[in-house]
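J.:
Residue numbers (the working numbering), protein chains in the order written: chain W, 1203 to 1536; chain F, 1203 to 1536.
(1) Could you please give me the residues that DSSP links to residue 1452 of chain F through a beta bridge?
(2) Entirely within the stretch 1393-1436 of chain W and at least 3 residues each: give me those beta strand (DSSP E) ranges in chain order.
(3) Only counting runs of 3 or more residues, tell me where the beta strand (DSSP E) segments fall wholly within the stretch 1225-1292 of chain W, in order along the chain.
(4) Under 7 angstroms between C-beta atoms, does residue 1472 of chain F make it to chain W?
(5) What residue range is occupied by the uninterrupted beta strand (DSSP E) comprising residue 1324 of chain W?
(6) What's the gap between the Cα of residue 1355 of chain W and the Cα of residue 1275 of chain W?
(7) So within the stretch 1448-1533 of chain W, which uninterrupted alpha helix (DSSP H) runs reach at least 4 residues, ignoring any that extend past its ends?
(8) Would you identify the three-state DSSP class for residue 1304 of chain W, choosing helix, strand or coil?
(9) On a Cα-Cα basis, can you pick out the residue from W:1442, W:1435, W:1508 and W:1341 that is closest to residue 1420 of chain W?
(10) Grab me the residues of residue 1535 of chain F's own chain with a C-beta within less than 7 angstroms of its C-beta, minus the 5 sequence neighbours each way, in chain order.
(11) Going by beta carbon distance, what residues of the same chain come within less than 6 angstroms of residue 1449 of chain W, once the five residues before and after it are set aside?
(12) Give the DSSP-derived three-state secondary structure of residue 1331 of chain W in the structure shown.
(13) Taking the beta carbon of residue 1250 of chain F as the centre, do at least 16 other beta carbons fall within 10 Å, making it buried, or is it exposed?
(14) Out of F:1348, F:1369 and F:1378, which one is the CA nearest neighbour of residue 1357 of chain F?
(15) What whole-angstrom Cβ distance do residue 1221 of chain F and residue 1520 of chain F have, given they're in contact under 8 angstroms?
(16) Quick one: what does DSSP say residue 1340 of chain F is sitting in, helix, strand or coil?
(17) Go ahead and pull the three-state DSSP assignment for residue 1446 of chain W.
(18) Mind checking if residue 1449 of chain W is an interface residue toward chain F, Cβ cutoff 7 angstroms exclusive?
(19) What's the gap between the Cα of residue 1212 of chain F and the Cα of residue 1271 of chain F?
(20) Is the beta carbon of residue 1336 of chain F closer than 7 angstroms to that of residue 1316 of chain F?
(21) Please check the pair residue 1361 of chain W and residue 1333 of chain W, which I expect to be a contact at CB under 8 angstroms, by giving their CB distance rounded to whole angstroms.
(22) Could you compute how far the alpha carbon of residue 1288 of chain F sits from the alpha carbon of residue 1309 of chain F?
(23) Which value, in whole angstroms, describes the spacing of the CA atoms of residue 1374 of chain F and residue 1349 of chain W?
(24) From residue 1467 of chain F to residue 1261 of chain F, what does the alpha carbon distance come to, in whole angstroms?
(25) Since residue 1327 of chain W contacts residue 1532 of chain W with CB under 8 angstroms, what's their CB separation in whole angstroms?
(26) Got a sec: is the Cβ-Cβ distance from residue 1464 of chain F to anything in chain W below 7 angstroms?
(27) Can you name, in chain order, every residue of its own chain whose Cβ lies under 8 angstroms from the Cβ of residue 1254 of chain W, other than the five neighbours on each side?
(28) With respect to the alpha helix (DSSP H) encompassing residue 1370 of chain W, which residues constitute its N-terminal and C-terminal limits?
(29) For residue 1233 of chain F, which residues in the same chain have their Cβ closer than 6 angstroms to its Cβ, ignoring the five residues on either side in sequence?
(30) Nearer than 6 angstroms: is that true of the beta carbon of residue 1278 of chain F relative to any heavy atom of the ligand MG?
(31) Measuring straight from C-alpha to C-alpha, what distance separates residue 1473 of chain W and residue 1528 of chain F?
(32) Could you work out which residues of chain F lie near residue 1460 of chain W, taking near to mean beta carbons separated by less than 7 angstroms?
(33) Look up residue 1375 of chain F in the DSSP assignment and say whether it is helix, strand or coil.
(34) Take residue 1351 of chain W and list the residues in its own chain whose beta-carbon comes closer than 6 angstroms to its own, dropping the five residues that flank it on each side.
(35) Using the C-alpha atoms, what's the distance from residue 1400 of chain W back to residue 1590 of chain W?
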């Protein structure tokens, strides 16, 4: 049995607009003991992802909000340190939703064992985990990119966008990224192999994007909204597909921003479709097979931005919402 | 050979906002003679449809605009009065795009022969023509209604909306219409068999629609936009489908209206897809088979609003844009 202290980051209050450090609270409690059928996981890595902003709000959504006083939700990689479940042994490395805490109990249903010899375990929180599968399913199931088409994606150095563009390249498309600043743009082109990457802070974003997309845009993987969406919209080709995955640029807006004009949807015969990764749960085996092979073959690269210490998770998360991370944002908890 | 005068309604100028009678001009010219391979059609009926508003504008769209000084485009039913094409004989009744004129030449490519014994020939401009096929393909291909779901459609007494709701009923759905005024609403429920119909002029439209859709809305066939769209949006269920067919309430707006907020697209996993009927040209045989059988079986009813005289086409068309017609709007030309 583990003994000692379980640090937890709780949702202390709901943000009104942009969240701040005062919305979180770090508390300590005794490490819990697993009941019959349960395991106790020691968190090694915590994943920080944009969807968490939604869970901080009480607004109706596809998932229930985190309640005030509850630990923040989050994907984790952990080690089994106590087990009363025959499927898991002490020492197993697993991924699941342990949340923002040192230790988590689980009945085992949401846990998946990892093979540390097959890939670095942190990949299970990024390129081989929820963000990677979000990119894979949204791009392939909704975007349906065909060789020779142009795929545009924002947050192109991030956990989802980086995979979108690389899979687009694997499928024979032109991949055009949008990212924040010259370092990220350089990484996206030179390391990840995108054909072009535009700095979204550029005053002539729309013009640069037009130059980078000489044949227009056939798939726009929407994960930011806002100004990038506005720059992309006039470049969409007839029959373009827009998987709507996220709107990080709009998450803190007090009022919903108006959507793109419907005339273009009609005239260009656009398809917009919102999704979350769990809608495509049936594709997980395909994803793990394909993405695993691409990672091993060097065709799918990833970069991690690792912050040390659970106590730094709130600040790191606030930075994520402002695009301050560079690569998949993880917290090394232990 | 026909001799005499060909009256034509030309586009005289492009509207700035709502079109007026002064945008049209009625002119007379000699009846043309068919060249080799051509036929001359005498127009019997001219169809008036909302899409014509788009053709009056120079804005880029899926079809090229009517040029100033050209006859307005339009679907027609006509009689072959001279033929130098082996496929057509004098006396054949055909449907095609003859335009707003007494006589039209055709090479035959866009013409389809009608059997007046099978159905009234005017049906080829409505329930068994472009509007009916628009409803059929948009609802079934994009809307994908499942038995027990709720389908909502505006302009429910019109050429497209009336077919949408009746096919929804055939497929086992709850059909909820929105229409302009108590007479149309009564017709939609009592004659066409919708489960409910709301007057879009009602000050409490949103509340009435909510009452009429106790299980929310799974398919919203979008053909009006504007206030109806705003009333529908909060009622959409998760995974709702929105075939975007038209935006008649917005056609005269000088500025594009903002679209619905993208958060709902994301959170509810909505699918919006713009289309025009020609995108589904491959479905024409299915449509004619199914809709023909439904009409003969009394399961698909239609109402026509027939205006006499080509010279009255412009005023009738302006009325269509204001919802003044009641049923499929046709001009009896001869």
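Every residue gets a Cβ at the ideal spot worked out from N, C-alpha and C, and that includes glycine.
T.: Taking the definition as stated:
(1) Looking up residue 1452 of chain F in the second chain gives position 250. BP columns for residue 1452 of chain F are empty, so no partner.
(2) 1398-1401 and 1419-1423
(3) 1226-1232, 1241-1249 and 1278-1285
(4) Here residue 1472 of chain F refers to the residue found at position 270 of the second chain. Judged by the 7 angstroms Cβ criterion, residue 1472 of chain F is in contact with chain W.
(5) For the purposes of this step, residue 1324 of chain W is taken as residue 122 along the first chain, with counting starting at 1. It is not in any beta strand (DSSP E) - residue 1324 of chain W carries neither H nor E in the DSSP assignment.
(6) Indexing the first chain from 1 puts residue 1355 of chain W at position 153. Indexing the first chain from 1 puts residue 1275 of chain W at position 73. In a straight line, the C-alpha of residue 1355 of chain W is about 26 angstroms away from that of residue 1275 of chain W.
(7) 1464-1469, 1486-1498 and 1515-1523
(8) The residue given as residue 1304 of chain W occupies position 102 in the first chain. Correct three-state label for residue 1304 of chain W: coil.
(9) Taking the first residue of the first chain as 1, we reach residue 1420 of chain W at position 218. It is W:1442 whose Cα lies nearest to the Cα of residue 1420 of chain W.
(10) Position 333 of the second chain, counted from the start, is the residue given in the question as residue 1535 of chain F. Same-chain partners within the cutoff: 1245, 1246, 1247, 1248, 1304 and 1512.
(11) Indexing the first chain from 1 puts residue 1449 of chain W at position 247. So the list reads 1427, once near-sequence residues are dropped.
(12) In the first chain, the residue the question calls residue 1331 of chain W occupies position 129. Three-state result, residue 1331 of chain W: coil.
(13) As a position in the second chain, residue 1250 of chain F is number 48, starting the count at 1. Label assigned to residue 1250 of chain F: buried.
(14) Locating residue 1357 of chain F in the second chain gives position 155, counting from the first residue. Of the candidates F:1348, F:1369 and F:1378, the one whose C-alpha sits nearest the C-alpha of residue 1357 of chain F is F:1378.
(15) What you label residue 1221 of chain F is simply residue 19 of the second chain in a count that begins at 1. What you label residue 1520 of chain F is simply residue 318 of the second chain in a count that begins at 1. The pair is a contact, with the Cβ atoms about 6 angstroms apart (cut-off 8 angstroms).
(16) Numbered from its first residue, the second chain carries residue 1340 of chain F at position 138. It is helical.
(17) Position 244 of the first chain holds residue 1446 of chain W. Reduced to three states, the DSSP call for residue 1446 of chain W is strand.
(18) Working through the first chain from its first residue, we reach residue 1449 of chain W at position 247. At least one chain F Cβ lies under 7 angstroms of residue 1449 of chain W.
(19) Reading the second chain from its first residue, position 10 is the one you call residue 1212 of chain F. Reading the second chain from its first residue, position 69 is the one you call residue 1271 of chain F. Their backbone Cα atoms lie some 5 angstroms apart in a straight line.
(20) By 1-based counting over the second chain, the position of residue 1316 of chain F is 114. By 1-based counting over the second chain, the position of residue 1336 of chain F is 134. Taking 7 angstroms as the Cβ cut-off, residue 1316 of chain F and residue 1336 of chain F do not qualify as a contacting pair.
(21) Reading the first chain from its first residue, position 159 is the one you call residue 1361 of chain W. Reading the first chain from its first residue, position 131 is the one you call residue 1333 of chain W. Correct: roughly 4 angstroms between the Cβ atoms.
(22) Taking the first residue of the second chain as position 1, residue 1288 of chain F is located at position 86. Taking the first residue of the second chain as position 1, residue 1309 of chain F is located at position 107. Each residue's alpha carbon lies about 11 angstroms from the other.
(23) To locate residue 1374 of chain F, count along the second chain from 1; it is residue 172. To locate residue 1349 of chain W, count along the first chain from 1; it is residue 147. Going from the Cα of residue 1374 of chain F to the Cα of residue 1349 of chain W covers about 40 angstroms.
(24) Numbered from 1 along the second chain, position 265 holds the residue referred to as residue 1467 of chain F. Numbered from 1 along the second chain, position 59 holds the residue referred to as residue 1261 of chain F. Distance between the alpha carbons of residue 1467 of chain F and residue 1261 of chain F: 27 angstroms.
(25) Counting from one through the first chain, the residue named residue 1327 of chain W turns up at place 125. Counting from one through the first chain, the residue named residue 1532 of chain W turns up at place 330. 6 angstroms between Cβ atoms; contact.
(26) Looking up residue 1464 of chain F in the second chain gives position 262. With 7 angstroms as the cut-off, residue 1464 of chain F counts as an interface residue toward chain W.
(27) Residue mapping note: residue 1254 of chain W aligns to position 52 of the first chain, counting from 1. Closer than 8 angstroms at Cβ, skipping near neighbours: 1274, 1275, 1276 and 1519.
(28) Translated into the one-based positions of the first chain, residue 1370 of chain W becomes position 168. Start and end: 1363-1372.
(29) Counting from 1 along the second chain, the entry for residue 1233 of chain F is found at position 31. Result list for residue 1233 of chain F: 1204, 1206, 1208 and 1305, in chain order.
(30) Here there are no bound small molecules, and the ligand MG is not part of this structure.
(31) The residue given as residue 1473 of chain W occupies position 271 in the first chain. The residue given as residue 1528 of chain F occupies position 326 in the second chain. Using only the alpha carbons, I get a separation of about 32 angstroms.
(32) Here residue 1460 of chain W is taken as the residue at index 258 of the first chain, counted from 1. By Cβ distance, chain F contributes 1460, 1461 and 1463.
(33) In the second chain, the residue the question calls residue 1375 of chain F occupies position 173. Coil.
(34) Taking the first chain and counting its residues from 1, the one referred to as residue 1351 of chain W is at position 149. So the list reads 1375 and 1420, once near-sequence residues are dropped.
(35) A query on residue 1590 of chain W cannot be resolved here, the shown segment of chain W reaching from 1203 to 1536 and no further.
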